[in-house]
Amino acid sequence: MDHSGTLYVVATPIGNLQDISLRALEVLKAVDVVAAEDTRHTAGLLSHFALQKKLVAVHEHNERKAGEQLIQRLQAGESVALVSDAGTPGVSDPGAVVVDLAHAAGIKVVPLPGASAVVAALSASGVMTPGFQFHGFLPASGSQRRSALQSLADVAVTLVFYEAPHRVLDSVEDMATVLGQDRTLIIARELTKTFETIHRLPLAQAREWLEADSNRQRGEFVLLVAPAPVKEVAVLDDEAVRVLTLLLAELPLKQAVKLATEITGAKKNALYELALSLKQS
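So this is what it looks like as structure tokens:
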């Protein structure tokens, strides 16, 4: 018979302690061990709710070794609550390695949903799209950051990033350069905390707005970039296609496209793309 314990993945508040769920409090009270990203931070959370628990540090520098030790505890029948400093473990925070080890060992994993800076920012953004892409933190290097943004330039859903205060100015400037000056940016700062800020503006104005008040550059950031505008696709009618096909049989490509544009009034770029396709086929 399997007497293994359960690994609970527990979301904790991202700022306002009152956002903790009743279920999270029940689990934190009942488990044998709390695995925490920063034991000092989590000790403060537990103390606020008059809870005393054995704490084990599980952070980015020791996650695999600490995770293996937690698996031994779980296999011995102990129950473990996994928490990060704020929000949901494993989402741009340590936790995924421990959960992966638990699944590999056949340990039962139970998620306790709760606060998420990504979802909170999206809900307050007012940006209406069929989906979003969450990318966590962009690379610290300017060239790598711009390269990462370039790969996202044509994505037609909301882009969501975390950013640190010491990089936010450079990040929004790179976003404006790579993604487009006119795209809407939502700056969500210090969500659920005393100085919470949610501000919408064009990317072209983002750096200037942040620099206008040094307080705007403090805290933890979620940056949401509205989708890339949908590119219009020119549709050629049958007559334009017929004329271009006849001209291509007798003339060089550029000349055929120029004459077809003059004769039919169709878009030159659309005729040129069709001409290339016809020539290749």
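Following full-length UniProt numbering, the numbering of the sequence shown begins with 1 at its first residue and continues without gaps. All C-beta atoms in this analysis are idealised placements derived from N, C-alpha and C, irrespective of residue type, glycine included.
What are the start and end residues of the alpha helix (DSSP H) that includes residue i?
i	result
His-48	39–48
Val-279	Note that residue 279 is Lys in the sequence shown here, rather than Val. Its alpha helix (DSSP H) spans residues 268–280.
Leu-149	142–150
Give me whichever residues DSSP pairs with residue i in a beta bridge.
i	result
Gln-133	Leu-159
Arg-207	In the DSSP output, where bridge partners are listed per residue, Arg-207 has none listed.
Val-178	Per DSSP, none; premise fails for Val-178.
Pro-202	Thr-184
What's the C-alpha gap between residue i and residue j?
i	j	result
Met-1	Val-31	With a pLDDT of 44 at Met-1, under the threshold of 50, the modelled position of this residue cannot be trusted, and the question is left open.
Ala-117	Thr-177	26 Å
Ala-266	Thr-245	14 Å
residue 283	Gly-95	Outside the shown range of the chain, which is 1 to 281, sits residue 283, and nothing can be said about it.
Val-33	Ser-79	7 Å
Asp-182	Ala-204	6 Å
Gln-150	Ala-228	12 Å
Tyr-272	Leu-236	11 Å
Ala-270	Val-119	40 Å
Pro-89	Ala-43	17 Å
Arg-200	Arg-207	13 Å
Asp-85	Ala-102	21 Å
Leu-191	Gln-75	38 Å
Considering just the uninterrupted stretch of the beta strand (DSSP E) at residue i, what are its terminal residues?
i	result
Ile-186	184–189
Ala-240	No beta strand (DSSP E) holds Ala-240; the alpha helix (DSSP H) holding it covers 238–248.
Arg-167	Counting along the chain, Arg-167 falls outside any beta strand (DSSP E), and DSSP gives it neither H nor E.
residue 297	The shown model of the chain, from 1 to 281, leaves out residue 297, and the question about it has no answer.
Lys-193	It is not in any beta strand (DSSP E) - Lys-193 carries neither H nor E in the DSSP assignment.
Leu-259	Premise fails: Leu-259 lies in the alpha helix (DSSP H), 253–264, not in any beta strand (DSSP E).
Val-98	Element bounds for Val-98: not the beta strand (DSSP E) but the alpha helix (DSSP H), 96–104.
Ala-222	Per the sequence shown, residue 222 should be read as Val rather than Ala. From DSSP, the beta strand (DSSP E) with Val-222 extends over 221–225.
Val-235	First-last for Val-235: undefined, no H or E at that position.
Return the residue from the list the options that minimises the CA-CA distance to residue i.
i	options	result
Arg-242	Thr-39, Val-257, Ala-228	Val-257
Thr-194	Arg-218, Ala-140, Ala-260	Arg-218
Val-27	Gln-52, Ile-198, Asn-16	Gln-52
Ala-105	Val-91, Ser-84, Leu-7	Leu-7
Asp-19	Glu-60, Val-109, Lys-29, Pro-113	Pro-113
Leu-278	Leu-248, Gln-255, Glu-262	Leu-248
Pro-202	Asp-213, Leu-210, Ala-212, Leu-185	Leu-185
Pro-13	Glu-37, Ile-71, Lys-29, Leu-45	Leu-45
His-48	Leu-223, Ala-124, Leu-25	Leu-25
Arg-23	Gln-75, Ala-115, Gln-69, Leu-55	Ala-115
Glu-37	Lys-29, Leu-55, Gln-69	Leu-55
Asp-238	Ala-260, Leu-224, Glu-220	Ala-260
Ala-156	Ala-121, Glu-208, Ser-92, Gly-131	Gly-131
Arg-189	Val-160, Phe-134, Ala-121, Gly-136	Ala-121
Can you determine whether any heavy atom of the ligand ATP sits closer than 7 Å to the C-beta of residue i, and answer yes or no?
i	result
Leu-7	With respect to small molecules bound, the structure shown includes none, and the ligand ATP cannot be examined in it.
Only counting runs of 4 or more residues, tell me where the alpha helix (DSSP H) segments fall wholly within the stretch 4–75, in order along the chain. 22–30, 39–48, 63–75
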